[in-house]
Amino acid sequence: MAASTLERPLAARPSTWFVWAGMTAFGVFLLGIIIAVVVDSFGRQWFDTWLPDGLTTGRYTEAWDRFALGEVVGVTVGVALLVVIISVLVGVPAAYVLARRDFPGKRAIMLLFLLPVLMPPITYGIPLATVMYSFGLGRTLTAVVLVNLVPSVPFVILTMTPFIEQINPAIESAARMCGARTRQVFTRVLAPLLVPGILAAAILVLVRTVGLFELTFLVSGPGSDTLVVAIYRGMTSAGGGEARQLISAMSVIYTATMLVMLVVALRFVNPTQLVAQVKETRDD
Numbered sequence: 001m002a003a004s005t006l007e008r009p010l011a012a013r014p015s016t017w018f019v020w021a022g023m024t025a026f027g028v029f030l031l032g033i034i035i036a037v038v039v040d041s042f043g044r045q046w047f048d049t050w051l052p053d054g055l056t057t058g059r060y061t062e063a064w065d066r067f068a069l070g071e072v073v074g075v076t077v078g079v080a081l082l083v084v085i086i087s088v089l090v091g092v093p094a095a096y097v098l099a100r101r102d103f104p105g106k107r108a109i110m111l112l113f114l115l116p117v118l119m120p121p122i123t124y125g126i127p128l129a130t131v132m133y134s135f136g137l138g139r140t141l142t143a144v145v146l147v148n149l150v151p152s153v154p155f156v157i158l159t160m161t162p163f164i165e166q167i168n169p170a171i172e173s174a175a176r177m178c179g180a181r182t183r184q185v186f187t188r189v190l191a192p193l194l195v196p197g198i199l200a201a202a203i204l205v206l207v208r209t210v211g212l213f214e215l216t217f218l219v220s221g222p223g224s225d226t227l228v229v230a231i232y233r234g235m236t237s238a239g240g241g242e243a244r245q246l247i248s249a250m251s252v253i254y255t256a257t258m259l260v261m262l263v264v265a266l267r268f269v270n271p272t273q274l275v276a277q278v279k280e281t282r283d284d
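In UniProt numbering, the protein residues as written are 1 to 284.
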């Protein structure tokens with residue numbers, strides 16, 4: 001009887017094969033696009049043949065010089081870091097208040113924070129850009145940072161609120177009974193427990209900011225374009241007359257930048273460890 005319960009059918013169900021076939025097709029399609037763009041970025045000429053006539057790294061040098069990618073990458077990293085820092089500094093205390101306090105209109109405030117996360121950015125991006133230009137902030141780094149904070153701060157709040165709610169309030173009460181002040185409770189007791197959640201929220205905001213196109217495009221300009229906006233401007237400049245290989249090279253640089261960020265992020269934050277730590281904290 002025990003042996004029969006351990007036996008499993010060797011033949012998979014049709015639904016299982018369908019899922020695996022769909023995943024395989026998606027993987028092959030995605031890999032094909034990536035390989036095509038990478039090969040195109042190194043190709044000299046590539047029209048109606050399976051492979052380019054020759055390979056060169058000159059497209060990267062030309063794209064780097066023509067579109068000033070050194071400055072663009074610096075702006076992208078600077079804007080992303082500023083948005084992450086400000087979002088965490090504003091969002092974590094706000095999430096703590098929402099997690100620990102009950103007050104009239106709390107649900108309405110939570111709904112208000114949900115809107116920038118759920119709504120398409122273009123729906124509120126145009127009125128927001130109009131306000132920025134009205135105050136003379138258009139095409140500046142200040143405007144780029146401010147518009148990116150609109151979805152980023154609510155994202156941190158919505159991420160951190162349930163994380164804080166799962167931490168036992170008795171820990172804070174015990175610290176206050178021992179004479180700790182509110183600032184000491186927050187910095188010495190809660191902060192170490194919140195580090196995994198803060199890192200996870202910061203990494204997600206970082207990746208989201210680097211890849212956010214609509215809001216940045218509406219308020220950026222020369223000297224304040226991020227990498228994703230610079231790719232679009234290069235693709236559409238002179239009626240799309242730029243060499244396709246230059247755009248492919250810029251796309252590879254953008255993808256490599258995102259991959260580096262994700263690798264570094266996963267080096268410090270493991271989602272599985274994050275969930276486990278929250279569960280252990282709640283059980284304690």
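Cβ coordinates follow ideal geometry from the N, Cα and C atoms, glycine included.
inquiry  = Starting from Met160, trace the alpha helix (DSSP H) in both directions and tell me its first and last residue.
reply    = Where Met160 is concerned, the enclosing alpha helix (DSSP H) starts and stops at Leu141 to Glu165.
ask   = Does DSSP put Gly234 in a helix, a strand or coil?
value = Three-state DSSP puts Gly234 in a helix.
task = Count the other C-beta atoms from every protein chain shown that fall within 10 angstroms of the C-beta of Lys279, then say buried if there are 16 or more, exposed otherwise.
result = With a pLDDT of 47 at Lys279, under the threshold of 50, the modelled position of this residue cannot be trusted, and the question is left open.
task = Rounded to whole angstroms, what's the CA-CA distance from Gly179 to Glu172? Just pull it up for me.
result = Here the C-alpha atom of Gly179 lies approximately 11 angstroms from the C-alpha atom of Glu172.
request  = Starting from the C-beta of Asp53, find all residues in its chain whose C-beta is less than 8 angstroms away, skip the five residues before and the five after it, and write them out in chain order.
outcome  = Cβ-Cβ distances below 8 angstroms link Asp53 to Gly43, Arg44, Gln45 and Trp46 in the same chain, with the five nearest sequence neighbours on each side left out; the list follows chain order.
task = With DSSP collapsed to three states, give me the class of Gly43.
result = For Gly43, the three-state secondary structure derived from DSSP is strand.
task = Measure how close the beta-carbons of Phe67 and Gly223 come, nearest whole angstrom, since I'm counting them as under 8 angstroms.
result = 13 angstroms between Cβ atoms; not a contact.
For Leu149 and Val84, believed in contact at Cβ under 8 angstroms, the rounded distance = Rounded, the Cβ-Cβ distance is 10 angstroms, inconsistent with contact.
The region 68-82 touching the region 137-146, judged by at least three CB pairs closer than 8 angstroms = Yes, the region 68-82 is in contact with the region 137-146.
query = Roughly how many angstroms separate the alpha carbons of residue 318 and Ala25, rounded to a whole number?
reply = Nothing can be reported for residue 318, as the shown portion of the chain is limited to 1 through 284.
key: DSSP three-state assignment for Leu82, whether helix, strand or coil   = Residue state, collapsed to three classes: helix.
query = So Val229 packs on Ser220, CB below 8 angstroms; how close in whole Å?
reply = Val229 to Ser220, Cβ: 6 angstroms. Contact.
inquiry  = Quick test of your reading: Ala201 and Val75, contact by CB under 8 angstroms. State the CB separation rounded to the nearest angstrom.
reply    = 23 angstroms between Cβ atoms; not a contact.
key: Phe18 classed as buried or exposed, judged by whether at least 16 other C-beta atoms fall within 10 angstroms   = Phe18 counts as exposed, since fewer than 16 other beta carbons sit within 10 angstroms of its beta carbon.
message = With H, G and I counted as helix, E and B as strand and the rest as coil, what does DSSP make of Leu51?
response = The answer is coil: DSSP assigns Leu51 none of H, G, I, E or B.
ask   = If we count the other Cβ atoms within 10 Å of its Cβ and call it buried at 16 or more, is Ala95 buried or exposed?
value = Burial check for Ala95: the Cβ neighbour count within 10 Å reaches 16 or more, so the residue is buried.
key: Own chain, CB closer than 7 angstroms to Ala99, minus 5 neighbours either side, in chain order   = Taken in chain order, the residues that qualify are Thr161, Ile164 and Glu165.
key: Contact check, Glu214 vs Gly105, beta carbons under 7 angstroms   = Against a cut-off of 7 angstroms, the Cβ pair of Gly105 and Glu214 comes out as no contact.
query = Are the CB atoms of Met250 and Ile231 nearer to each other than 7 angstroms?
reply = Yes; because the gap between Cβ atoms is below 7 angstroms, this pair is in contact.
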